[in-house]
Structure formats: structure tokens, C-alpha cells
Amino acid sequence: MSEVREFRGKTCDYVVAVVGQPSVGKSTFFTQVTGELVRVANWPGTTVEQKVGIVSFEGKTLCLVDLPGIYGLSPTSPEERITKNFLISGDWDVVLVLADSLIPERSIYLPIQVGEITSKLVVALTKWDATHKIGLHIDVEKLSFRLGSPVIPISSITGEGIREVLSTLVNVAEGKTKSKLLKIDYGLLNSYVSGLTELIDDRMIGKLPKEWVALRLLEGDQDIINLVKETPNIIEKSEKLREEFRKVTERTPEEIAIIKRYEYASQIIREAIVRVRLRPRITALIDKIYLHSLWGPLASVLTIFTVFAIAFTVNTGFPLTYLLRYLGFEAIADVLETYNLSGLLESFFVLLGEALRAVLEGLNRELASLIVDGVLGGLGTVLSFLPLIFLVSVFLAILEDSGLGPRMVASLHSFFKFFGLSGRALYPLVLGFGCNVPAVYQSRISIDEVERHEIIVSAPFIICQARLVVLLYFTKVLFPDNTLIQASMMTILYVLSILLYLLTAKLVRFLSRVKEAPELVMELPMMHRPSLKVVWWGSWSSTKHFLYKAGVIIFTLSILSWLLLSYGPTGYVDSPRDSYGAIVSSYLGRVLEVLYGLRSESSWVIGYALIYGFIAKEGLVASVSQLTGLAEEEALGSLGLNIPQGVSLLIFMMFYVPCMATVATVYQESKSLKFTLGVTAYLILVALIIS
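In case it helps, our numbering puts the sequence shown at residues 5 to 695.
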């Protein structure tokens with residue numbers, strides 16, 4: 005971590021060198037980030053204007069140095085030489101390269117060149133609000149991988165990505181976000197670079213990589229020659245190798261280096277960029293419907309409902325199974341309820357668990373339980389989420405890529421604005437039905453910081469897939485012979501979750517200093533056929549994020565839950581009733597007896613289910629089954645709940661607190677333990693009041 009230091013008369017935690025081609029949007033970026041340029045002077049010995057912007061972010065002071073525009077590291081003007089020399093001097097902690105996302109083929113070359121100089125690099129793709137409009141799609145994740153540095157899309161007009169850029173600059177400067185030096189294969193030229201690298205002393209080149217200095221010497225870079233001029237043997241050696249390379253290849257080293265860099269840039273463009281054909285006629289038709297003051301919101305809501313009906317039906321059979329039963333097609337509903345993605349995955353893990361238990365129990369019962377109930381149970385829990393997460397991500401990617409998604413956002417903006425949100429809040433709301441983790445993470449698309457907090461606090465109220473499992477079992481047990489009441493109960497709770505999302509956002513906005521709802525500023529792209537490549541980028545990125553973040557947490561907590569349920573004061577126990585889990589649950593059960601009038605013999609079981617539900621919501625029913633030794637529906641029936649008790653508990657279970665993975669994401673996004681505990685307490689309080 006860098007120490008606080010003086011830079012051009014200013015106290016800075018970190019100095020950020022801001023680099024970009026002319027007309028890349030650097031001035032607009034500075035105005036958005038700093039509000040104004042607080043220091044303007046001349047570069048020493050020149051008449052070129054020097055601008056330094058001061059930004060305070062999360063307790064850190066960033067000094068952003070606005071360097072003159074440059075196309076590459078072979079300057080042709082005094083302004084460009086200033087930029088290059090500042091980069092070479094190393095009088096900075098991190099470099100920010102602004103690249104124009106509208107002309108990626110021309111703007112990618114500069115980040116490649118800077119990436120060879122330093123690993124302390126962040127790349128910002130400017131004008132992101134307009135890329136989709138012209139049918140241009142960029143795989144940011146792939147671009148980041150190929151450049152070896154964080155790449156963040158930004159719009160200085162809408163403010164999108166600005167906060168993330170500042171956060172990433174701090175993290176890269178402090179070493180929290182890892183990036184690597186870009187290595188390009190220069191073919192035969194590599195051996196000449198190696199022959200020169202061993203002569204270079206670190207003391208003469210500062211932060212610069214030896215290989216890069218050697219390469220630039222072979223290219224005849226006069227600025228680098230001046231840097232090592234006090235060691236003539238290096239210059240002589242580079243000239244000798246340069247001449248030898250020219251004789252062998254009949255090309256100069258700089259020609260080959262430029263060709264190889266452009267080949268690398270072309271490879272990145274092929275992998276990470278897609279241009280699609282726009283459809284003006286279809287755009288005009290869609291706009292008449294989705295941008296209409298009345299039909300637009302209705303069409304948008306209907307579209308969202310249809311998308312989720314399809315995704316949930318493929319994954320769990322719901323809600324189509326309820327419709328089929330209502331129409332009298334019981335047999336078809338039973339088949340769909342059994343042979344869906346979630347059901348097939350569950351059957352597979354049950355069969356695998358039984359086979360493993362049969363083999364392992366003969367060796368060691370404790371080991372068998374750990375592998376089957378702990379490890380395999382945790383893995384099954386994680387994988388059971390994947391189909392819905394992936395399907396929802398695919399549908400959202402299709403809506404976004406086609407251009408329909410932005411129109412839905414625009415049509416619903418007035419509605420969301422009433423609750424202190426922008427139309428962008430539609431996306432986390434929709435994602436929440438699949439999983440609350442990506443819904444909270446999606447708060448990053450917010451227009452202002454207040455909206456970001458609104459979404460973080462509100463998103464956990466949305467009934468996710470895990471809670472849907474609990475909802476299905478409870479409604480079946482409470483209303484066994486009435487499909488209509490079951491469906492009505494589920495609909496009411498889903499509507500209630502959306503209301504809580506909206507009203508909570510309104511409350512957060514009311515308590516904030518910024519009372520006005522954010523204004524939506526966005527370019528509506530032309531409608532076009534979704535690109536399979538682009539849809540894959542978006543859907544796989546969301547699914548992978550779930551696996552990395554929530555999946556690891558859920559798996560770990562499944563093991564911890566197994567320990568809580570399998571051990572007690574006497575050691576390993578055969579019955580969960582003798583475990584530490586039962587002891588802790590008995591105390592919570594006494595509170596539930598008072599609140600909901602439960603029987604003492606079942607209150608501790610429900611208490612344990614609530615604890616288990618904090619670890620993973622779908623475990624609420626499974627834990628009752630484990631403790632009673634009965635199948636899920638029979639286990640819930642054995643609790644002896646009447647309808648008022650069952651409905652009250654169901655409401656509490658739906659809203660009392662999200663899973664621990666969501667709580668962890670709330671902390672990750674807010675970076676505040678106090679804020680996270682406050683959100684958790686608020687959720688529990690609301691659930692208690694309603695239930």
C-alpha cells in the first residue's frame with residue numbers, strides 16, 4: 005500500500021495517470037468524477053496545460069493526472085511525448101486507460117501497449133451508453149482476460165460504472181485486485197529481447213519491465229535510449245542485435261513488433277466483439293407498443309411474467325403444474341413435476357447418495373454421513389440452483405441483447421420512479437426471483453448511491469427459487485385438496501414480496517438526503533436478432549458469478565450444518581434430536597411457542613428449520629424431514645400446525661432473512677458490517693410484523 009505523499013502541491017493517497025486517445029471522452033470523464041479540475045498549471049518546461057483532479061473515495065484521496073491525448077507510445081508531438089515520458093517516469097501508482105467502446109478496433113491498441121509497461125492498470129470503456137444502440141457488443145470479461153487487467157464499461161453521461169472505476173483503481177493500487185503484465189508473443193524477436201534483457205539493471209529503469217525496455221531499445225525508441233544512455237554497452241548491443249535482426253528477416257524490429265501487436269489486437273476483437281444487423285422497421289413497431297404510456301407497462305409486465313413462467317416451468321414444473329391440475333390433467337402435472345430439471349437433479353443425487361452410503365457405511369458410519377449428507381448434500385444444493393439461474397440469465401440476456409429489455413426499463417421508469425427508483429431497478433427485481441445474490445450484486449447498475457442502497461436493502465424480500473420450494477410444500481400441506489387456494493396463496497406472497505421491495509426502496513429514499521428519484525438517461529438501441537455469442541457471454545457470466553460467490557458459501561455452510569446436526573455433547577450422534585442443533589433450536593422454539601402458539605414438541609423442530617433456512621432457504625423443509633425421519637410433506641404434516649399458524653409461519657419464513665450467501669453479498673457490496681446488520685434486523689422486524 006502506498007503512503008500518503010505530495011504530488012504537484014497536493015496530498016494524495018494514490019496518483020492515477022489518466023491516458024487516452026484524443027476525443028475518447030477524457031474531459032467529460034473528469035467533469036463527472038471530480039466536478040471540476042481543481043488544479044491547472046503548465047508541465048515543467050512547456051506551455052502544455054497540466055490538469056490534476058482531486059477525488060475523495062471511501063476514505064482515500066486520488067489525484068487524477070489528465071495526460072495529453074496519445075494514440076500510441078511512438079509520439080509525434082510534444083504533447084504526446086509528455087504523456088509517454090510521464091508513464092516511463094513511474095511517478096504514479098496506477099494507470100487508467102480510457103478506450104472508446106464505439107471504435108474498439110482503433111482504441112484497443114493503446115491499452116495493449118500500456119499493459120506491456122505495467123500490471124497496475126485499469127481500462128475503462130467510455131461511451132458505453134451508446135454501444136448497444138449501434139449494434140455493438142463487447143465481452144468485457146473476455147477483454148479483461150486477454151488484457152490481463154480489469155476492464156470496466158463506463159458512461160460519463162449517465163454515471164454508469166464511475167463508482168466501480170474508482171473502487172477498482174484503489175484496489176489495484178493496494179494490490180487487492182490482481183492484474184498481470186501483458187505478454188505478447190513476438191516470435192523470432194523474443195530471442196533478441198532475451199539476449200538484451202540480461203544486460204539491463206533495475207536501478208536505471210525504475211518500475212519499467214526489463215523485457216519491455218529491451219524490446220523498445222531494439223525498436224529504436226529514442227526516449228528509452230536516453231534512459232540508459234549512461235550504459236553505452238547496452239546501446240551498442242541493441243544496435244548490433246537490431247542490425248542482425250534486419251539482415252535475418254529483412255524487416256526492422258519495430259515493423260515486426262507493430263505487426264504482432266496488431267495481430268494480438270485483431271485476435272481480441274474476434275473473440276470479444278460482435279456487431280449485429282439492426283432492424284429499423286421492427287424497432288418502429290416495437291416502440292409503438294413498449295413505449296406507449298398505457299400498453300408499454302402492461303406489455304413489459306406480461307413479458308416478464310411469461311419469461312419467468314417458462315423458466316420456472318422448465319426448472320420445477322411450477323406454475324404450469326397448478327394450471328394443469330386445475331384443468332383436471334393430474335397425470336400430466338405429475339409427470340411434469342417429476343421430470344423437470346430440478347426433479348431430475350434431485351433424483352440423481354438421491355440415487356448417488358444411497359449408493360455411496362451403502363459402500364461407505366461398512367467402513368465408517370461417520371465418514372459415510374459426512375460424504376453423503378455433508379459433501380454430496382452441499383453439492384446437490386448448489387447444483388439445484390444452476391438450471392434456474394442459467395435459464396433466467398439466458399432470458400434476460402436475450403431481452404437485453406435484442407433491445408427489448410431497455411424499452412421495458414424505459415416503459416416502467418415512471419412506475420419505479422414513484423418508489424424512488426429508476427427503471428433500471430427492474431433488472432435486480434427480476435433476477436431476485438432466481439436468486440437474491442445476483443440481485444444484490446446488480447445494485448452496481450444504479451444511477452446514484454441512494455438507489456444502490458435501495459436495491460441492496462430491498463432485493464432480499466424477493467421470493468427466490470429456494471423459497472419457492474418451501475412455498476410449494478407448505479401450500480400443499482396446508483391446503484391439500486384445493487389447487488385454486490394453493491395458487492392464490494402463492495400469488496399473494498409473490499405480490500407481497502414485490503410490494504416490500506418497492507416500499508422498502510421508498511423508505512430508504514425517504515431517509516436519505518437525496519429525496520428526488522434518479523432520472524433515467526439512456527440510449528434505446530435498434531431492435532435486432534439476439535446473437536447467440538452475446539447471450540452466452542451474459543448468461544455464463546451470471547451463472548459463473550453465482551458458482552464462485554454463492555456456491556462456495558452454500559457448500560461450506562452445508563458442511564457446517566452437517567456438523568451442527570451430527571454432533572452433540574456426547575460426540576457423534578445417531579439422532580439429530582441429540583445434536584447441538586437441537587439444543588440451540590430449543591431456545592428459539594420457546595420464543596416461537598409464545599409468538600405463534602406452537603406445541604413444544606414441534607416448536608424446536610421449526611426453530612432448527614429457521615436456523616437451517618438462514619444457511620440455505622431450501623433446507624427449511626429438508627431439515628424438518630431430517631429431524632422427523634419422514635418424507636417432506638409428511639414431515640410438515642406431523643408438526644400439527646393449523647391454517648393460521650401455518651400461514652403465519654410461512655410468511656415469516658418467506659421474509660425473515662435471506663440466506664447467508666445473500667447477507668455475505670450485502671456486506672460485500674456495502675463494505676459495512678453496521679449496514680449489513682441493520683439490513684438483517686430490518687428484514688426480521690418486517691417479517692415479524694407481517695406474520
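For glycine and all other residues, C-beta sits at the position ideal for the given N, C-alpha and C.
Because the structure is a prediction, the values reported are computed rather than measured.
By the C-beta criterion, the region 152–163 is judged not to be in contact with the region 416–426, since fewer than 3 inter-stretch pairs fall below 8 Å. Residue 146 sits in a helix when the DSSP states are folded into three classes.
Under a 10 Å Cβ-count criterion, residue 442 is classified as buried, with 16 or more other Cβ atoms of the shown protein chains found around its own Cβ.
A straight line joining the alpha-carbon of residue 416 with that of residue 519 spans about 20 Å.
The beta carbon of residue 629 is closer than 6 Å to those of 636 and 639 in its chain, skipping five residues each way along the sequence. Residue 189 and residue 264 have their alpha carbons spaced roughly 7 Å apart.
Between residue 407 and residue 287, the C-beta gap is smaller than 9 Å, which places the two residues in contact. Within the DSSP bridge table, the entry for residue 61 names 64 as partners. The Cβ atoms of residue 464 and residue 449 do not sit closer than 9 Å to each other. Here residue 584 is not near residue 596, since their CB atoms are 9 Å or more apart. In the three-state reduction of the DSSP assignment, residue 92 falls in the helix class, which pools H, G and I. Rounded to whole angstroms, residue 186 and residue 521 show a C-alpha spacing of 43 Å. Across the structure, residue 170 and residue 66 are spaced so that their CA atoms are roughly 9 Å apart. A direct Cα-to-Cα measurement between residue 225 and residue 664 gives close to 56 Å.
For the pair residue 117 and residue 57, the CB atoms are not nearer than the 9 Å cut-off.
Rounded to whole angstroms, residue 277 and residue 131 show a C-alpha spacing of 16 Å. Where residue 125 is concerned, the enclosing beta strand (DSSP E) starts and stops at 125–130. When the Cα atoms are used, residue 632 and residue 508 turn out to be separated by approximately 37 Å. The beta carbon of residue 146 is closer than 7 Å to those of 275 and 276 in its chain, skipping five residues each way along the sequence.
For residue 157, the enclosing beta strand (DSSP E) covers residues 155–157. Looking at the DSSP output, residue 103 sits in a beta bridge with 129. DSSP, read as helix, strand or coil, puts residue 253 in helix.
For residue 441, the uninterrupted alpha helix (DSSP H) segment begins and ends at 440–445.
Judged by DSSP in its simplified three-state form, residue 421 adopts helix.
Looking at the DSSP output, residue 468 bridges to nothing.
In this structure, 546 is the residue among 134, 594 and 546 with its C-alpha nearest to the C-alpha of residue 436. In terms of Cβ geometry, residue 222 and residue 200 form a close pair [threshold 9 Å].
With respect to the C-alpha of residue 180, the residue from 485, 566, 124 and 512 having the closest C-alpha is 124. About 7 Å separates the beta carbons of residue 490 and residue 326, which is inside the 8 Å limit, making them a contact pair.
If you draw a 10 Å sphere on the C-beta of residue 604, you find fewer than 16 other C-beta atoms in it, and that means exposed.
Here DSSP, grouped into helix, strand and coil, assigns residue 70 to strand.
When the five nearest sequence neighbours on each side are left out, the beta carbons in the same chain lying within less than 8 Å of the beta carbon of residue 38 are those of 57, 58, 59 and 68, in order along the chain. The beta-carbon distance between residue 627 and residue 613, rounded to whole angstroms, is 5 Å. This is short enough to meet the 8 Å contact definition. Within the model, the alpha-carbon separation for residue 207 versus residue 178 is close to 23 Å.
DSSP links residue 140 through a beta bridge to 279.
A distance below 7 Å between beta-carbons, with the five flanking residues on each side excluded, links residue 256 to the following residues of its chain, in chain order: 250.
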